[in-house]
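Contents: one structure, followed by commentary.
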Amino acid sequence: MSEPVSGGAAPDNSSTLNALSFDNSFARLPPAFYTKLAPAPLPDPYLVGISADAAALLGIDVHELDDTARRNAFAECFSGNRPFAGSESLAAVYSGHQFGVWAGQLGDGRAHLLGGVRTRDGIWEMQLKGAGQTPYSRFADGRAVLRSSIREFLCSEAMDTLGVPTTRALCVIGSNEPVRRETLETAAVVTRLAPSFVRFGSFEHWGAQGRDDEVRVLADYVIDNFRPQLRDADKPYEALLADVAQRTGIMIAHWQAVGFMHGVMNTDNMSILGLTLDYGPFGFMEAFDAGHICNHSDTQGRYAFHAQPRIAHWNLLALTHALRSLVGPLENARSIIDEAYIAAFESSFMQLMRDKLGFATEQPGDETFMGETFDLLQAQHLDYTSFFRALSHLTAAASTPAADAGLRDQFLDREKGDAWLQQWRARLALENSEDASRQHRMLAINPKYILRNWLAESAIRKAREGDFSEVAKVLDCLRKPFDEQPYFEHYAALPPDWAADLEVSCSS
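Residue numbers 5 to 512, in this note's numbering, belong to the letters of the sequence shown in order.
Spelled out as structure tokens, the structure:
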């Protein structure tokens, strides 16, 4: 293995990588919380894609990668082949419920936490996903494939610009090393960033064993490092539970409002910080179906779109069981969850939907109207993103059918569309809506571009052929999802015929 990247001279490396400074708070927890080990070497790594925005969070200058030597050195570092000075690679242990069933011990089976990078805006933990086997791999190979890594990379960054709380993705590093999934694929490593990767399952691991001391140590770690303001609360651990519930409610409201489906909402995939974590068989709603199941492996539909708010609540209740030694009787913990989560979800979702519909005020009957809107979307099989984007361009006063054509033409039954538009305009009239300002607000919350499955698949197919230009183009487009971007107009199109049978599963 190559020598660590350090602050000294390194002619084949980039200066900004040399400057990374680590603060490995998770590694200071007792050894029972993790296993220290180095990533497995990845042969002949190469850069597939990088997010300039995520790189900026760490102070990395992507323009340095125009130099071939530095580009190659970057790939060596973020494949795990060359350790950073000050990093302490480890895999964390956790447990969890998978598809509602207790799965016991899990853990970072293919992820290596390198440590937290100090930045002017705080600490970003850096994790390599797909970097080889760990003691928690459960007989798996510890690798990720190019397909899933590109999907996670693109979606992590897309979700950030959509305003959804999320982990971030710095880059994807590829290799021609073969990896067996349903078919033979090639290996890749995606670098994920987050303030912390602690999960609900991190607490469940210790709670299920009755190891109350470890539960307390982990809770104190989260409070002291990420929620220090809670230390002054009368009951800090109850305040932590309420904070997690509130942030989870806000996150799920954003999912539902933007039409995002996670696909595998196991408790080990739920962030204690309320961030979208572990992008696997995700999807964005296209032709609206509240019961849509984006994960082909989810044969029972547990994680269907309409079920996500309920499942998040269920997962929070599982967390309360793990925290029972700190927060008291389950009845008390459940009341904390119910009050914090339900209130946060409902208020956030209602506000997001008012914004999407262009309503500047709260009026009686809004909830009923929104319910009728979703019924219309369902009955007319309207494309979720295209519907709200087209609505953003309409005027508050009825003009001509031609002026409404951008929306009317999406309806199977135009008369029903006209009737709904009449109701929408009547609602706008209650607040004397002014077109220019309202349209500006709506266009800033209703994206034109989302990561449709066919977009991701197009980038993946080209990348498999060694052409990474489509990964860069899709990322460039998705970093400005609310702009018109005429050059990328085709990315806003409905799925082409060849994409009709695309499926994603837990192996994605």
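Heads up, the beta-carbon is just placed ideally off N, CA and C, and yes, glycines get one too.
In this chain, Thr195 is not harboured by any alpha helix (DSSP H); it is covered by the beta strand (DSSP E) spanning 188 to 198. In terms of Cα proximity to Gly295, the closest of Phe309, Ala347, Thr303 is Phe309.
Taking 9 Å as the cut-off, the beta carbon of Gly53 is found no closer than this to the beta carbon of Val193. In this chain, the beta strand (DSSP E) harbouring Leu132 covers 126 to 133. Under the DSSP assignment, Asn457 falls in the alpha helix (DSSP H) whose first and last residues are 457 to 468. Taking C-alpha positions only, Glu156 is separated from Asn436 by approximately 43 Å. For Pro485 and Asp216, the gap between their C-alpha atoms comes out near 46 Å. In the DSSP annotation of this structure, the continuous segment of the alpha helix (DSSP H) that includes Tyr241 starts and ends at 240 to 262.
Only buried fits Leu158, as 16 or more other CB atoms lie within 10 angstroms of its CB.
Rounded to whole angstroms, the Cβ separation of Pro139 and Gly84 is 17 Å, and the two are not in contact under 8 Å. Around the beta-carbon of Leu234, 16 or more other beta-carbon atoms lie within 10 Å, marking it buried. Runs of the beta strand (DSSP E) lying entirely within the stretch 391 to 426, each at least 3 residues long, are absent. With distances taken between CA atoms, Asp501 lies nearest to Asn457 out of Asn457, Val221, Ala316, Glu438. Counting along the chain, Thr123 sits inside the beta strand (DSSP E) bounded by residues 115 to 123.
If you draw a straight line from the Cα of Ile256 to the Cα of Phe373, it comes to about 21 Å. Residue range 312 to 326 is occupied by the alpha helix (DSSP H) that includes His325. DSSP, read as helix, strand or coil, puts Gln489 in coil.
For a cut-off of 8 Å, the C-beta gap from Leu62 to Trp128 is around 6 Å, short enough to register as a contact. Ranked by how close their Cα comes to the Cα of Arg465, the residues His116, Arg151, Arg147, Ala249 have Arg151 in first place. For the pair Val226 and His300, the Cα-to-Cα distance works out to about 34 Å. Note on the stretch 325 to 349: whole alpha helix (DSSP H) runs with a minimum of 4 residues are 328 to 331, 334 to 341, in chain order. The three-state reading of DSSP puts Glu438 in coil, since its state is none of H, G, I, E or B. Proximity to Met446 across Pro47, Phe363, Ala467 peaks at Phe363, based on C-alpha coordinates. Nearest C-alpha to Ile297 among Leu279, Phe264, Asp272: Phe264. Taking Gly126 as reference, the option from Met354, Asn28, Gly305 with the minimal CA-CA separation is Asn28. For Gly104, no beta strand (DSSP E) encloses it, and the DSSP letter there is neither H nor E. Excluding the 5 residues flanking it on each side, Gly253 has same chain C-beta neighbours closer than 6 Å at Tyr345, Ala348, Phe349, in chain order. In this model, Ala237 and Leu334 are separated by some 20 Å (Cα to Cα). Straight-line measurement puts the Cα of Gln102 at about 8 Å from the Cα of Asp272.
Under the DSSP definition of a beta bridge, Tyr38 partners with Ala96. DSSP, read as helix, strand or coil, puts Ser275 in strand. DSSP places Ile227 within a helical segment (H, G or I) once states are collapsed to three. Sequence-distant partners of His397 (beyond 5 residues in either direction) whose C-beta falls short of 7 Å from its own C-beta, in its chain, are Gly410, Gln443. Here Leu434 is exposed. Its C-beta has fewer than 16 other C-beta atoms within 10 Å. As a beta-bridge residue in DSSP terms, Val183 pairs with Glu189. With a cutoff of 9 Å on beta-carbon distance, Gly111 and Tyr98 are scored as near each other.
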